[in-house]
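Numbering (numbering that gives the first Met the number 0), first residue to last: 0 to 468.
Positions of the beta carbon are idealized from the N, C-alpha and C atoms, including for glycine.
Working notes for the structure below.
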Amino acid sequence: MSVISDATSNKQSKHQSGLAYTTVWRWHFYAGLFCLPFILWLSCTGLIYLFKPQIDAWYDRPYDHLSIQQVQPASQQVQAALDAVPNAVFSAYEMPPSSEAAGRVILAVNDQVIKVYVHPETLDVMKIINQNDEFTRKIFALHGEFMLGDLGSHIMQIAAGWTVVLILTGIFMWLGKGGKFKAAGMLYPRFQRKDRPFWKDLHSVLGFWISIIVLFLIISGLPWSASWGTMLKNVREWTGYTQVQQEWISSSKAEAAHQQKMFKETKQQHKHQHAAHHGMVHATTLDATQMNILDQVVAQAPSFKLAYPVLVKPEIISMKQPWTVESQSQNRTLREKVVFNTQAQVVQVKHFSDQLLLDRIIGYGVAIHEGRFFGWLNVVIGVITVVSLILICTSALEMWFRRKPAHILGAPPIVLSNKLSWTVQFSIVVLAVILPILGLSLIFIIVWEKMVLSRIPKVAHFLGLKAGT
0 MSVISDATSN KQSKHQSGLA YTTVWRWHFY AGLFCLPFIL WLSCTGLIYL FKPQIDAWYD
60 RPYDHLSIQQ VQPASQQVQA ALDAVPNAVF SAYEMPPSSE AAGRVILAVN DQVIKVYVHP
120 ETLDVMKIIN QNDEFTRKIF ALHGEFMLGD LGSHIMQIAA GWTVVLILTG IFMWLGKGGK
180 FKAAGMLYPR FQRKDRPFWK DLHSVLGFWI SIIVLFLIIS GLPWSASWGT MLKNVREWTG
240 YTQVQQEWIS SSKAEAAHQQ KMFKETKQQH KHQHAAHHGM VHATTLDATQ MNILDQVVAQ
300 APSFKLAYPV LVKPEIISMK QPWTVESQSQ NRTLREKVVF NTQAQVVQVK HFSDQLLLDR
360 IIGYGVAIHE GRFFGWLNVV IGVITVVSLI LICTSALEMW FRRKPAHILG APPIVLSNKL
420 SWTVQFSIVV LAVILPILGL SLIFIIVWEK MVLSRIPKVA HFLGLKAGT
């Protein structure tokens with residue numbers, strides 16, 4: 000009797016395990032169907048952006064190998080740039096990457112940032128470009144916002160949330176119906192398998208190996224999103240750290256608003272200053288004192304050996320504001336800032352370690368995310384991750400097309416016990432709280448499915464839903 004009871008119990012346990020697996024598979028299927036286009040998009044744009052330094056250098060090659068006999072002062076290069084761009088104000092002077100390179104002058108016009116390449120000897124303007132029109136800047140905007148501003152950022156955050164759901168359900172499925180560990184098919188694909196079984200092995204094995212990395216990429220990318228970035232800014236304000244501007248941006252809209260604010264303040268400062276000292280002088284010119292400070296600071300900048308690119312800039316063009324030499328390295332941990340007074344004397348050196356804890360954590364995350372933290376190994380890991388994601392998406396499509404019946408979506412069947420395990424349910428609830436946009440989308444989907452989709456027989460049949468429930 001005991002043997003029969005145990006056998007029955009084992010059979011029921013396996014049956015329940017199978018039901019749970021099928022339910023998780025269903026969630027995994029729908030999450031994947033939604034996320035797959037975004038994952039492919041992020042993979043392709045992210046792969047390109049991993050090589051930002053090389054791409055930027057390729058675009059700048061006509062301006063980095065010039066024949067130069069005598070370099071004119073930085074102030075004259077700045078003035079040449081200002082003369083070439085009407086209604087602009089000086090924002091920063093970018094230190095040339097070599098002695099053969101053109102000077103780069105950063106100007107502001109309303110909410111636009113303009114980069115002007117100036118021949119350091121002849122002072123000829125060689126190129127004028129809106130920084131948003133640079134190839135890698137466009138890739139950055141496509142990667143994080145689809146070039147749709149905050150709307151694109153919110154869409155991307157929804158996709159990020161559902162990708163986490165995709166990973167969690169994928170790990171559950173990776174463990175298998177019986178929860179038994181087998182190296183073959185779990186740690187490495189069984190290459191002797193053919194057709195769909197091989198693609199399933201490839202899909203699950205690659206997913207396992209890169210799951211932690213992908214989760215890190217999602218988390219480290221959240222500060223760039225409109226909603227999470229705004230929340231982190233609010234955290235800084237609540238803790239009283241509003242006097243220090245964070246180095247990360249939450250969205251292109253926020254960056255444009257900040258740029259517009261700085262432009263207006265600088266423009267107003269110009270007007271007051273020139274009215275007091277020179278009368279009716281064009282508002283974008285630098286006076287003799289400012290030019291002298293700029294030249295002295297630029298002359299001292301190389302001695303600090305800051306990570307490239309290096310900007311020399313004033314907080315605001317004013318006799319009362321300090322000037323700074325600061326690194327804008329993609330590896331945020333290498334960023335340093337040297338502060339000068341109006342006599343071009345060093346008064347402070349700020350290191351990455353001096354930043355707020357929150358800013359340092361985000362800095363580490365961004366540097367690793369962009370492949371800049373630990374050299375080429377970081378880039379290689381990024382490339383492997385991206386290629387793996389593309390293969391995972393490809394294998395998912397291949398498996399779907401091979402099992403999909405004609406005229407229906409081919410979702411895994413609904414089982415009688417259509418409930419997720421408590422661990423998966425708890426994880427999803429926690430995610431919905433951490434990522435409110437994910438929570439809202441989840442509520443919308445559940446209501447939409449129950450109230451609309453399942454009540455339309457043809458749609459319910461196509462999606463694999465229970466009609467009339």
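Counting along the chain, A91 sits inside the beta strand (DSSP E) bounded by residues 88-93.
Within the DSSP bridge table, the entry for T323 names K312, V338 as partners. Counting only residues of its own chain and dropping the five nearest sequence neighbours on each side, P61 has no CB closer than 7 Å to any other CB.
In the structure shown, I455 falls within a coil segment according to DSSP collapsed to helix, strand and coil.
Nearest C-alpha to G169 among G374, R331, H27, P435: H27.
V382: member of the alpha helix (DSSP H) spanning 374-402, first to last residue.
Between V104 and Q75, the beta carbon gap of about 11 Å keeps them out of contact (Cβ cut-off 8 Å).
DSSP, read as helix, strand or coil, puts Y307 in coil. Apart from the 5 residues on each side of it in sequence, Q69 sits with its Cβ closer than 7 Å to the Cβ of E120 in its chain, given in chain order.
The residue from N86, L106, M155, A80 with its alpha-carbon nearest to that of I38 is M155. Comparing alpha carbon positions, the residue from F461, A410, W447, P456 closest to T22 is A410.
Residue pairing by DSSP puts A107 in a beta bridge opposite V88, V112.
Rounded to whole angstroms, the gap between the alpha carbons of F139 and P456 is 43 Å. Excluding the 5 residues flanking it on each side, E397 has same chain C-beta neighbours closer than 6 Å at W198, in chain order.
Nearest in C-alpha terms to L439, of all of G160, V115, V124, A100, is G160.
Considering only L356, V337, Q354, T341, the residue with the shortest C-alpha distance to Q347 is V337. By the beta-carbon neighbour count (other beta carbons within 10 angstroms, threshold 16), V379 is exposed.
Exclusion of the five residues before and after H153 leaves S224, A225, S226, I436 as the residues of its chain whose Cβ lies within less than 8 Å of its Cβ. Take the alpha-carbon of A183 and the one of I413: they are about 29 Å apart. Here the alpha carbons of L141 and F215 stand approximately 20 Å from one another. Between the alpha carbons of Q354 and T332 lies a distance of about 10 Å. The count of Cβ pairs closer than 8 Å, one atom from the region 46-59 and one from the region 227-238, stays below three, leaving the stretches out of contact.
Less than 8 Å divides the Cβ of A73 from the Cβ of V297.
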